[in-house]
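Q: Numbering (mature numbering (1 follows the signal peptide of the UniProt record, and there is no 0)), first residue to last: -20 to -1, 1 to 625.
Pasting a structure here, questions to come.
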Amino acid sequence: MRFYLFFALLCCLCASPAMAEDDGSSPNPDQVFEMDEYVVTGTSTKDQIKNIPRNVNVITAEDIEKSTAQNLPELLGREAGIQLIDDTGVPGRSKVDIRGQGEHAATNVLVLVDGHRINSVDMSGANFTTIPLSQIERIEILRGPGGALYGNNAVGGVINVITKSGEGTPFGGSIGAEFGSYNTKKYQAAIHGSKDIFSMNAIGSYSDSDGYRENGGMEKKDAQFKFGLDPTDIFSMNFSVAVHEEEYGMPGGVNLDDIDDRDKRREKNPWNSDEAHGSIEQQRIQASSTINLEDYGSLDLDLGLLFRDNPYTWGYGTTYKIQEDTYNYALRWDKKIFLYGREHTVQLGLDGLYSDYNSWEEIQTYAKENGLFVATAWSLTDDLTLTIGSRYTHYNLDRKSFENKNWNHISYDSGLIYSLGSLGNVYGSVATGFRTPSVDDMNYAVEDIEPQTTINYEVGTHLKPWESIAFDVAVFRQESKHEIYTIQPDPTVWDWVTDNRDEPILRHGIEASIKYCPIRPFTLRFNYTWIHARFKDSNNVVPLVPEHSVNAGVDWRFIEQACISLDGKYVSSKYDGNDSDNDTYEKIDAYTVVDAKLTWECTQALRLYACVNNIFDELYATTAYGETYYVMPERNFYAGMEWKF
């Protein structure tokens, strides 16, 4: 009911142009249409969305400024086809699920920062807390498998976070502060700019919050320095260093009987002591260079290092520690070729990683992945383009006192794009992805465990029928085989087994997004996702995957200096994470959450903002295992300022 009230409010705002100052000019199509945006995700080189046969979209820095999101998972969770799985009780540490991966979202979604993968080789996936919103220039989201271009983990989709560089901006800086509920405080400072051949961006931030729940707080510090050199038309390079430190609590879950009690739901789980907490120290170093070979194409080289130190204390005081050092590289050659009077594109590349991983089991593991790929785009006619790509990957796990494991895999993708000119395009594609067992999986793995595989069939369109409206629609069918899962055969015995499922999983879905600018002060956003995720033989629903989700929002710039943003999200009910049989536990209830934010640009230098999240004070949870719920915050507030110089 609350979502329908919210949606009615959006309609009223859209239907009341008299409330705004309309100068009679047409809406700015750049505000509402992304088809001509250039992205690197989906092709590994810069290309327009309209030339990619997949459902791709972009979140810009301007979108982030207007958003009510407090962290990166919250921001991503408002996009079509994306859900959050919070199994820690600490907001910001959520898993991001693309296209119904359920409890395996962390290992089935690949996350990149400036093109470098940050997924751990264990089951934790990517740590989104290491990427403050203030560092982000844009985010590119590719839905569906990306195994041919990116290799391991690119099953449900790929998220590429591009950080600020200072390129193309005059030298300047900013300072900011924010305060909110749960004794939350944030501070940040940045310096950026470019001159001649040099560009740079340096940013530091600090945040501290007690959190919504007892022992659910987090304190973190982040710093990033990034600079670029562009001395000639032939050579350019970029280098960045990012440092992250955090300390976080572990409140655990809440029993089903207590989730509607506003006092008990905020208490920590009685099985966790006050000492249950963890800390992370992480350093990320990245370097990239481009050499223009003129008639012979271009060459790109990327190098990356990621160091993670993660001690944590769980239960009644037992301490564990994870140490991980990961090195990655990528070398790509791109060339435009001319055949039969048409321009085509060929890309060849090789990439890989090496990870030295130590966990609490005191088992040292060396994970190695190397891949060779080719990606091509062929112009068949003026309006029709064919894309074909393939990758060969070799993966090795070398574990102390255990037998080494080696896997080889071939991935491929292909697509057709038919251009409708300025109206947009229609496309069809088939793509594959895979995931190898993680180092955590191997602790309990059967002898003959193997990588899981996925194939995705998709048709869709990016359309702009009028200057004021744009929409994207994608229909897909995804089949996963040999999915890796872990079970406890005897609930009374602390023993686990990791194996491949004999039963395939089918995921059918529709993703639809609309952006509409009826008059210049208003921008309306709406997306709907339907996912039918089931085990093929039993027809049981995959746990933690809702069938329906809706996001709707409006930005109303009622005067030139001020903007009100409203965002609402509805998620239908879903099965408990431990309920693959669909008859063991209570379902997780559907929920609706509405947020609002007011931004006021007092001067060109000073911006003030205030936000209320969960306006209707909904009691809800995104995740539960065995009727132990990880509840989300009630109504909360924050306000802040940014001064630019």
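Beta carbons: idealized from backbone N, C-alpha and C, even for Gly.
Once the 5 residues before and after N99 are set aside, which same chain residues still bring their CB inside 7 Å of it?
A: Position 119 of the sequence shown, counting from 1, holds the residue named residue 99. Here the set comprises L90, V91, G105, A106, N133.
Q: Taking one C-beta from the segment 273 to 284 and one from the segment 312 to 322 each time, how about it: are there three or more such pairs within less than 8 Å?
A: Counting Cβ pairs under 8 Å, three or more are found: they touch.
Q: Could you pull out every residue in the same chain whose Cβ sits closer than 7 Å to the Cβ of T164, ignoring the five residues on either side in sequence?
A: Start at 1 with the first residue of the sequence shown, and residue 164 comes out as number 184. The residues are S189, Y618.
Q: I want to know whether the segment 136 to 149 touches the segment 506 to 521 - three or more CB-CB distances under 8 Å.
A: Verdict: no, contact absent.
Q: Could you please give the first and the last residue of the uninterrupted beta strand (DSSP E) stretch that includes T293?
A: Along the sequence shown, read from residue 1 onward, the residue named residue 293 stands at position 313. Per DSSP, T293 belongs to the beta strand (DSSP E) from 278 to 294.
Q: Have a look at S154 and H172 and give me their C-alpha separation to the nearest angstrom.
A: The count along the sequence shown starts at 1 and reaches residue 154 at position 174. The count along the sequence shown starts at 1 and reaches residue 172 at position 192. Whole-angstrom Cα-Cα distance: 9 Å.
Q: Going by the CB atoms, is the gap between P523 and G489 shorter than 8 Å?
A: Working through the sequence shown from its first residue, we reach residue 489 at position 509. Working through the sequence shown from its first residue, we reach residue 523 at position 543. In this structure, P523 does not lie closer than 8 Å to G489 by Cβ.
Q: Are R123 and G137 touching if we call contact CB-CB under 8 Å?
A: The residue you call residue 123 lines up with position 143 of the sequence shown. The residue you call residue 137 lines up with position 157 of the sequence shown. Contact flag set, yes.
Q: In the DSSP assignment, what residue or residues form a beta bridge with Q344?
A: As a first step, residue 344 is located in the sequence shown; it is residue number 364 there, counting from the start. DSSP lists N338 as partners of Q344.
Q: When the Cα of S216 is compared with those of Y186, I183, S179, which residue comes out closest?
A: For the purposes of this step, residue 216 is taken as residue 236 along the sequence shown, with counting starting at 1. The candidate whose alpha carbon is nearest that of S216 is S179.
Q: Taking C-beta to C-beta, are G548 and Y589 nearer than 8 Å?
A: If you number the sequence shown from 1, residue 548 lands on position 568. If you number the sequence shown from 1, residue 589 lands on position 609. Result no, Cβ atoms of G548 and Y589 do not sit closer than 8 Å.
Q: Pick helix, strand or coil for P53, following the three-state DSSP scheme.
A: The residue labelled residue 53 in the question sits at position 73 within the sequence shown. Reduced to three states, the DSSP call for P53 is helix.
Q: List the DSSP bridge partners of R73.
A: One-based indexing of the sequence shown puts residue 73 at position 93. Its beta-bridge partners do not exist; DSSP assigns none.
Q: Leaving out five residues before and five after K166 in sequence, what residues of the same chain have Cβ atoms less than 6 Å from its Cβ?
A: For the purposes of this step, residue 166 is identified with residue 186 of the sequence shown, where counting begins at 1. Same-chain partners within the cutoff: E158, S187.
Q: What does DSSP give as the partner residue(s) for I65 in the beta ladder?
A: Your numbering for residue 65 matches position 85 in the sequence shown. Its beta-bridge partners are K75.
Q: Alpha carbon to alpha carbon, how far is F625 from G197?
A: Start at 1 with the first residue of the sequence shown, and residue 625 comes out as number 645. Start at 1 with the first residue of the sequence shown, and residue 197 comes out as number 217. The straight-line gap from Cα to Cα measures roughly 33 Å.
Q: Counting only the same chain and skipping the five closest in sequence on each side, list residues whose C-beta sits under 6 Å from that of I449.
A: Sequence index remark: in the sequence shown, residue 449 carries index 469 (1-based). Around I449: Y496.
Q: According to DSSP, is D3 helix, strand or coil?
A: By one-based count along the sequence shown, residue 3 stands at place 23. In this prediction, D3 scores a pLDDT of 43, lower than 50, which makes its location untrustworthy; the coordinate-derived value is nonetheless stated afterwards. The answer is coil: DSSP assigns D3 none of H, G, I, E or B.
Q: Secondary structure at M422, three-state DSSP: helix, strand or coil?
A: Along the sequence shown, read from residue 1 onward, the residue named residue 422 stands at position 442. Of the three classes helix, strand and coil, the one that applies to M422 here is helix, per DSSP.
Q: If you follow the beta strand (DSSP E) that G486 is part of, which residue opens it and which one closes it?
A: Position 506 of the sequence shown, counted from the first residue, corresponds to residue 486. Position check: residue 486 holds Leu in this sequence, whereas Gly was assumed. Counting along the chain, the beta strand (DSSP E) containing L486 begins and ends at 485 to 496.
Q: So, at 6 Å on beta carbons, what are the nonlocal neighbours of N376 in its own chain, with the 5 sequence-adjacent residues on each side left out?
A: In the sequence shown, residue 376 corresponds to position 396, counting from 1. So the list reads K348, N386, once near-sequence residues are dropped.
Q: Under the DSSP definition of a beta bridge, which residues are partnered with T509?
A: The count along the sequence shown starts at 1 and reaches residue 509 at position 529. Partner(s): E491, S529.
Q: Using the rule of at least 16 other Cβ atoms within 10 Å of the residue's Cβ for burial, across every protein chain shown, is C582 buried or exposed?
A: As a first step, residue 582 is located in the sequence shown; it is residue number 602 there, counting from the start. C582 comes out exposed.
Q: Label I177 either buried or exposed according to how many other C-beta atoms from any shown protein chain fall within 10 Å of its C-beta, with 16 as the threshold for buried.
A: As a position in the sequence shown, residue 177 is number 197, starting the count at 1. Exposed.
Q: Is N181 helix, strand or coil when you go by DSSP?
A: Your numbering for residue 181 matches position 201 in the sequence shown. Reduced to three states, the DSSP call for N181 is strand.
Q: Count the other C-beta atoms from every protein chain shown that fall within 10 angstroms of the C-beta of residue 633, then say buried if there are 16 or more, exposed otherwise.
A: Since the first and last residues shown for the chain are -20 and 625, residue 633 lies out of range.
Q: Is the Cβ-Cβ distance between Y571 and V551 less than 8 Å?
A: In the sequence shown, counting from the first residue as 1, residue 571 sits at position 591. In the sequence shown, counting from the first residue as 1, residue 551 sits at position 571. Going by C-beta atoms, Y571 is nearer than 8 Å to V551.
Q: For the alpha helix (DSSP H) containing E463, name the first residue and the last one.
A: In the sequence shown, the residue the question calls residue 463 occupies position 483. E463 -> no alpha helix (DSSP H), and no H or E assigned at all.
Q: Under the assumption that S185 contacts S114 (Cβ atoms under 8 Å), give the Cβ distance between them as a whole number of angstroms.
A: Translated into the one-based positions of the sequence shown, residue 185 becomes position 205. Translated into the one-based positions of the sequence shown, residue 114 becomes position 134. Indeed they touch by this definition, with Cβ atoms about 6 Å apart.
Q: For L285, which residues of its own chain have a beta-carbon under 6 Å away from its beta-carbon, when the five flanking residues on both sides are left out?
A: The residue you call residue 285 lines up with position 305 of the sequence shown. Excluding positions up to five away in sequence, the list reads I265, Y307.
Q: Terminal residues of the continuous beta strand (DSSP E) containing T306?
A: Mapped onto the sequence shown, residue 306 falls at position 326. Per DSSP, T306 belongs to the beta strand (DSSP E) from 298 to 319.
Q: Starting from Y600, follow the alpha helix (DSSP H) in both directions and report where the run begins and ends.
A: Position 620 of the sequence shown, counted from the first residue, corresponds to residue 600. Neither: Y600 is in no alpha helix (DSSP H) and is coded neither H nor E.
Q: If we call anything under 8 Å between Cβ atoms a contact, is D378 one with Y346?
A: Taking the first residue of the sequence shown as position 1, residue 378 is located at position 398. Taking the first residue of the sequence shown as position 1, residue 346 is located at position 366. Cβ distance < 8 Å, so D378 and Y346 count as in contact.
Q: Output the boundary residues of the beta strand (DSSP E) element that contains I44.
A: The residue given as residue 44 occupies position 64 in the sequence shown. Taken as a continuous stretch (DSSP letters only), I44 belongs to no beta strand (DSSP E), being part of the alpha helix (DSSP H) at 41 to 46.
Q: Run through DSSP, which three-state label would T441 get?
A: Translated into the one-based positions of the sequence shown, residue 441 becomes position 461. If DSSP states are grouped into helix, strand and coil, T441 belongs with the strands.
Q: Confirm, please, whether the CB-CB distance from N480 to Q432 is below 8 Å.
A: Translated into positions along the sequence shown, residue 432 becomes position 452. Translated into positions along the sequence shown, residue 480 becomes position 500. A contact, by the Cβ cut-off of 8 Å.
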